[in-house]
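Everything below concerns the one structure shown next.
There are 2 protein chains.
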Amino acid sequence: MTDRKFSLGIDFGTESGRALLVDVATGEEVATEVYEYPHGVMDRELPDGTKLDPDWALQHPQDYLDTLRHTVLQKGGVKPEQVIGIGIDFTSCTMLPIDAQDRPLCFDPELQHRPHAWVKLWKHHAAEPEANKLKEVAEARGEDWLKYYGGKISSEWLVPKIMQILDEDPELYERADRFIEAGDWVVLQLTGQEKRSSCHAGYKAIWQKGVGYPSKEFFKALDPRLENLVEEKLRGEVVPIGQKAGGLTPEMAEMVGLLPGTPVAVSVIDAHVGVPATGVDGPGKMALIMGTSTCHMIVSDKKLPIEGISGVVEDGILPGFFGYEAGQAAVGDIFAWFVRNAVPPAYHDEAKRRGLDLHALLEEKAAALKPGQSGLLALDWWNGCRSTLIDYDLSGLLLGMTLTTTPEEIYRALIEATAFGTRVIVDAFVNGGVPVEEFYACGGLTKNRMLMQIYADVLGKEIKIARSDLAGALGAAMYGAVAAGKSAGGYDSIKEAIPHMAHLRDESFKPNAENQKIYDQLFAEYVKLYDHFGRGANDVMKVLRRLRAGA
Amino acid sequence: MTDRKFSLGIDFGTESGRALLVDVATGEEVATEVYEYPHGVMDRELPDGTKLDPDWALQHPQDYLDTLRHTVLQKGGVKPEQVIGIGIDFTSCTMLPIDAQDRPLCFDPELQHRPHAWVKLWKHHAAEPEANKLKEVAEARGEDWLKYYGGKISSEWLVPKIMQILDEDPELYERADRFIEAGDWVVLQLTGQEKRSSCHAGYKAIWQKGVGYPSKEFFKALDPRLENLVEEKLRGEVVPIGQKAGGLTPEMAEMVGLLPGTPVAVSVIDAHVGVPATGVDGPGKMALIMGTSTCHMIVSDKKLPIEGISGVVEDGILPGFFGYEAGQAAVGDIFAWFVRNAVPPAYHDEAKRRGLDLHALLEEKAAALKPGQSGLLALDWWNGCRSTLIDYDLSGLLLGMTLTTTPEEIYRALIEATAFGTRVIVDAFVNGGVPVEEFYACGGLTKNRMLMQIYADVLGKEIKIARSDLAGALGAAMYGAVAAGKSAGGYDSIKEAIPHMAHLRDESFKPNAENQKIYDQLFAEYVKLYDHFGRGANDVMKVLRRLRAGA
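Here the protein sequences come in this chain order: A and B.
Counted from 1, the first sequence has number 360 at position 360 by the working numbering; the numbering is strictly sequential.
Convert by adding 551 to the 1-based position in the second sequence; the result is the number in the working numbering.
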């Protein structure tokens, strides 16, 4: 044991942080720690009770620091000197304003009642007007980069979020010394070094390799006050992923129980870090990172504009390739909403009686249904449509209900809808010239065997599953091993790390031809609804949102 | 007390029978009794466990007999000789096959495992193919009566239900001596007289005053085996409502605790009997009978074909007028479905803790919302669309859901959808030449003050409410008083009975101009969805139903 080398990966998710200690040579996972964020997602009010508007989603940065405090990983008898590197991954764009001393503005008692002082979580959707304006200005100016972000900059991303702060709380905008991705901020806390990740910047901040951020002229056209945004408030070097950001500071080393100077990797987006952890090492293989939301990752030799995807970034997923990202803004989140809001007591009682998780009970009941048997069809837009419409003013739809419709039928229809949403995205890639031949999945939802079978049936392809239950943290640990480098017992590239550290489950999910036939028919209906409500023929979802905002 | 006269009304509903003893002179309600049917609605299986297909809805006739047994009304010190008449009302078309001794075929142990031997409840919707065929044949033959039933004979009605028996169990069809409305069958049990009600026959069996049932040729065109249906299996005189069917038999008199020979009125449909009970006595006044489903009743001097209504029948609602009926196949049923299937434990716990009914808790929470605030919109077709589309292959729709959508928001959206459905019906009457100037409501849903305010806001008119909580049973008792006649202390016509026996609540619901404006916008969106999914542009609901049937 004492001659083994380990890497620590910390995966900062939406509801919790998960730490994992991994054997660098074999990928064996020797210790894990999950820390549920005490403040979770703040979408109704601030800690002091200040109410939030609909579509807001904030976080508390103290939860990130406390995650680090809770990852003292001495389980399994691993000694601090055996840990050769640390990697972190983070949701994105999850951003915050900080002061000149790198402190979050929300830590200032004077500012803590102001919503814009807090961390805006990736799924904060209140910057839709700003995203629309950004798109208009970029189109009017013929900005070249627009086509590599699916033709629209999402309201989830950095610039619309900054624009919202400027629009709604200009004084706080002024007070902010910098705006920073939470992942980069945590690396800054760990190392004292401000290294902005090319992955975060490339996918979420319109930063392109060899080009940088959009021009001063573009930002000035958005708003004269934004002209010097990059120099003033986005200061800090953009560094490629796979690099070392710095070494652990003595204070942080003591807090996490490791040695000062332990190499820390540049932050990677939580979805992107899962790609090497599923073993995806080149073109044609799509990684599905399936959790509260789902990300669809694939690399190609070519840089192609694909309509409605989130972005194409050189070296953004695997070095040497153009990395493509698409996604669904809510997947597990929809099922969690359903379980929290729409399941009657009899089901809770049965689950408790049988010692089952409620999801497991619903999975068991829904698995007894055949495709089509529920009589239901849904559009999976509970959190808007990220790909391929990039429109967060869209909302959910469920149809086909009768007086005999059961909760498990609705649960299954919601799962099917998310599978159809993935199929729309896959079709967009294939039609745009990026072939998708194999599927590799990881993330919490891969534990739901019925769900995985439905995805295989809907996509008509086998899906292989990462062995690790914590693929995000494993991917982060892989980057930690790369930050350490070969000389320290790690690896010199992520490609070298993959065959040693990433493994698949023995079981995969293969499509059932009969189910596929029925799902083809349901998918055709899904696409009709998708186009009708998503492409302007009926804008009822936007009308409802306007009326809600007025109420 | 001893010189007062009383009438007994028995209202046979979907889930229970309700008996009411009413002072004939004042309308005072002196005693009530509710009997929940032990077998309720059988929509999953027969009592012996035989599974039923989707869309089936059966009942057990023993529940009707037991309702009579449980109406021994000696509360309040009323003596049998003070009860001058009995009236009953019944859901419709609720029909059963009986043998030559008037016994339901399902009482025969040899037949009780056959679904078609049982009572088909009004909301049995499995005869949709037969209803479609009937429509085609009637259109091809240019049958004159078709236009008075909104252009389509509902699958809920007598002939499609009989056709389904013939199609699926021809041997049982042969065994049936007659098919009869359950309301007429109960009157037959009480009196030994087979008097078929003109109200049931007119609205549900294509019987027209002065014309009778459709012709032999028509029935032969439907199916040669049906040629003699009327003479063979619908035998029995059709008698106008407001008449006496006969007197209580000695056995029945003993069972219900009244005198032999007590006059029993001809059966009336449960919705139609509510019209005089709300005080509606002439044209321009719409009665809304609001319960598990809602019926919309209005009378006119003219016989006009109104698209998509259930029927126009001379003397069918009030003597001397043409009675128009339209309806929504599920209203309270949708809310009941929601409460049973989609409300989480925290709400049940809060209701229990505060000693509230769950509907009352949801009403309280939903009442705190403004129109438009839920961000939701629904189509109220959980049980198909009776008026104006007469299409039971349609199903429910809910849209606008986000990750912060709450149960009370959905509850309110469902209520709003049923109000929009009523507005579509009102518009159809007005556009067809039947003016609707005032609204009078009765039924269980009128207790929900938020619901009534939403209806007033959506319709843009004041709604007055019947004082009685049991308007159905009250209306039945009014017909009982008419069966007794003036000479026995009752009345010679229903019009004479109204001012004495029917009363309104002091409180009415008046529209709020601000809410009305928002609901006008939501209604415009409702109509777009209604037309898109209901009139053929997108037939996804039918596709889903087909796939469900195939699964």
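Where a beta carbon is used, it is the ideal one built from N, C-alpha and C, also for glycine.
Every value quoted in this text rests on a predicted model; they were computed, and no experiment measured them.
Quiz prompt | the segment 737-745 of chain B contacting the segment 789-800 of chain B, beta-carbon criterion three pairs below 8 angstroms | solution = Yes, the segment 737-745 of chain B is in contact with the segment 789-800 of chain B.
Self-check item: Touch test, the segment 82-89 of chain A against the segment 11-27 of chain A, Cβ-Cβ under 8 angstroms, three pairs minimum
Solution: Judged by Cβ distances under 8 angstroms, the segment 82-89 of chain A makes contact with the segment 11-27 of chain A, as three or more pairs qualify.
Quiz item: Taking Leu8 (chain A) as the reference, which of A:Ile180, A:Glu28, A:Ser154 has the closest Cα?
Solution: Selection A:Ile180, A:Glu28, A:Ser154 evaluated against Leu8 (chain A) yields A:Glu28 as nearest (Cα-Cα).
Exercise. Report back the beta-carbon spacing between Trp669 (chain B) and Leu616 (chain B) to the nearest angstrom; my notes put them in contact at under 8 angstroms.
Key: Not confirmed; about 15 angstroms, so no contact.
Quiz item: Using a beta-carbon distance below 9 angstroms, is Leu723 (chain B) in contact with chain A?
Solution: Taking Cβ atoms only, chain A never reaches closer than 9 angstroms to Leu723 (chain B), which makes this a no.
Quiz prompt | Given 8 angstroms, three or more beta-carbon pairs between the segment 441-448 of chain A and the segment 287-307 of chain A | solution = They touch, by the three-pair rule.
Practice problem: Alpha carbon to alpha carbon, how far is Gly825 (chain B) from Leu1010 (chain B)? Give it in angstroms, no decimals. | Solution: Distance between the alpha carbons of Leu1010 (chain B) and Gly825 (chain B): 21 angstroms.
Exercise. Quick one: which residues of the segment 1082-1097 of chain B get their C-beta closer than 8 angstroms to a C-beta of chain A? List them in chain order.
Key: Of all residues in the segment 1082-1097 of chain B, His1083, Phe1084, Asn1089, Val1091, Met1092, Val1094, Leu1095, Arg1096 have a Cβ within less than 8 angstroms of some Cβ in chain A.
Quiz item: Counting Cβ pairs closer than 8 angstroms, one from the segment 401-412 of chain A and one from the segment 496-507 of chain A, do we hit at least three?
Solution: By the Cβ criterion, the segment 401-412 of chain A is not in contact with the segment 496-507 of chain A, since fewer than three pairs of Cβ atoms, one from each stretch, lie closer than 8 angstroms.
Quiz item: Between Ser493 (chain A) and the rest of its own chain, which residues show a CB-CB distance below 8 angstroms, the 5 nearest in sequence each way excluded?
Solution: Here the set comprises Gly242, Pro319, Val482.
Self-check item: Whole-number beta carbon distance between Pro511 (chain A) and Asp457 (chain A), since they are thought to touch under 8 angstroms
Solution: Between Asp457 (chain A) and Pro511 (chain A), the beta carbon gap of about 5 angstroms places them in contact (Cβ cut-off 8 angstroms).
Quiz prompt | Nearest candidate by alpha-carbon position, reference Val137 (chain A), set A:Ile153, A:Gly384, A:His124 | solution = Selection A:Ile153, A:Gly384, A:His124 evaluated against Val137 (chain A) yields A:Ile153 as nearest (Cα-Cα).
Exercise. At 7 angstroms on the CB atoms, spell out the chain B contacts of Ile518 (chain A), in chain order.
Key: Ordered by position in chain B, the residues that pass the 7 angstroms Cβ test against Ile518 (chain A) are Leu1098.
Quiz item: Is the segment 263-273 of chain A in contact with the segment 322-337 of chain A, if contact means three or more CB pairs nearer than 8 angstroms?
Solution: Touching, yes, given that three or more Cβ pairs across the two stretches are closer than 8 angstroms.
Self-check item: Closest by C-alpha distance to Gln1072 (chain B), when choosing among A:Gly308, A:Glu507, A:Leu547
Solution: Minimum Cα-Cα distance from Gln1072 (chain B) among the listed residues A:Gly308, A:Glu507, A:Leu547 corresponds to A:Leu547.
Quiz item: Does the segment 895-907 of chain B come close enough to the segment 326-345 of chain A that 3 or more CB-CB pairs lie under 8 angstroms?
Solution: As far as the Cβ criterion goes, the segment 326-345 of chain A touches the segment 895-907 of chain B, which means the pair count is three or higher.
Self-check item: Where Ala881 (chain B) meets chain A, residues with beta-carbon distance less than 8 angstroms
Solution: The CB of Ala881 (chain B) comes closer than 8 angstroms to the CB of Leu403 in chain A, given here in chain order.
Exercise. Work out the CA separation of Leu907 (chain B) and Pro631 (chain B) for me, nearest whole Å.
Key: Answer to the nearest angstrom: the Cα atoms are 38 angstroms apart.
Practice problem: Confirm, please, whether the CB-CB distance from Leu1095 (chain B) to Thr583 (chain B) is below 9 angstroms. | Solution: Taking 9 angstroms as the cut-off, the Cβ atoms of Thr583 (chain B) and Leu1095 (chain B) do not count as close.
Quiz item: How many angstroms separate the CA atom of Asp1057 (chain B) from the CA atom of Ile1014 (chain B)?
Solution: Annotation: Asp1057 (chain B) to Ile1014 (chain B) spans about 12 angstroms, alpha carbon to alpha carbon.
Quiz item: Residues bridged to Lys464 (chain A) by DSSP?
Solution: Looking at the DSSP output, Lys464 (chain A) shares a beta bridge with A:Tyr440.
Self-check item: Partners in chain B for Gln373 (chain A), counting only beta-carbon separations shorter than 7 angstroms
Solution: Within chain B, the C-beta atoms nearer than 7 angstroms to that of Gln373 (chain A) come from Arg1099, Ala1102, in chain order.
Quiz item: For a contact meaning CB atoms closer than 9 angstroms, what does His899 (chain B) contact in chain A?
Solution: Under the 9 angstroms cutoff, chain A gives Pro344, Pro345.
Quiz item: What did DSSP end up calling Tyr586 (chain B) once you bin it into helix, strand or coil?
Solution: Strand, per DSSP.
Quiz item: Taking C-beta to C-beta, are Gly14 (chain A) and Gly396 (chain A) nearer than 9 angstroms?
Solution: Sequence inspection shows Thr at residue 14 (chain A); the Gly mentioned does not correspond to that position. Contact: no.
Quiz item: For Ser16 (chain A), which residues from the same chain have a beta carbon less than 7 angstroms from its beta carbon, with the 5 sequence-adjacent residues on both sides left out?
Solution: Excluding sequence neighbours, Ser16 (chain A) sits near Val34, Tyr35, Glu36, Tyr37.
Quiz item: Hey, would you say Leu940 (chain B) sits closer than 9 angstroms to Ala970 (chain B), going by beta carbons?
Solution: Remark: C-beta atoms of Leu940 (chain B) and Ala970 (chain B) do not approach each other more closely than 9 angstroms.
Practice problem: Could you tell me whether the Cβ atoms of Gly236 (chain A) and Asp315 (chain A) are closer together than 9 angstroms? | Solution: One thing to note: Gly236 (chain A) has its Cβ no nearer than 9 angstroms to the Cβ of Asp315 (chain A).
Practice problem: Look at the alpha carbon of Asp349 (chain A) and the alpha carbon of Glu960 (chain B), and state the distance between them as a whole number of angstroms. | Solution: Taken atom to atom, the span from the alpha-carbon of Asp349 (chain A) to that of Glu960 (chain B) is near 25 angstroms.
Quiz item: Leaving out the 5 sequence neighbours to the left and right, which residues in its chain are closer than 8 angstroms to Asn383 (chain A) when beta-carbon positions are compared?
Solution: Only Lys123, His125, Ser293, Ala329, Ala330, Asp333, Ile334, Tyr392 meet the Cβ criterion.
Quiz prompt | Between the CA atoms of Ile165 (chain A) and Ser198 (chain A) - distance to the nearest angstrom | solution = Cα atoms of Ser198 (chain A) and Ile165 (chain A): separation of roughly 24 angstroms, rounded to the nearest angstrom.
Exercise. Tell me, please, whether the CB atom of Ile410 (chain A) is closer than 9 angstroms to any CB atom in chain B?
Key: With 9 angstroms as the cut-off, Ile410 (chain A) counts as an interface residue toward chain B.
Quiz item: To the nearest angstrom, how far is it from the Cα of Ala221 (chain A) to the Cα of Glu227 (chain A)?
Solution: Linking Ala221 (chain A) to Glu227 (chain A) through their CA atoms gives a straight-line distance of about 8 angstroms.
Quiz item: Got a sec: which bits of the segment 47-78 of chain A sit with their beta carbon under 7 angstroms from any beta carbon on chain B, in order along the chain?
Solution: Residues Pro54.
Quiz item: To the nearest angstrom, how far is it from the Cα of Val239 (chain A) to the Cα of Glu967 (chain B)?
Solution: Here the alpha carbons of Glu967 (chain B) and Val239 (chain A) stand approximately 55 angstroms from one another.
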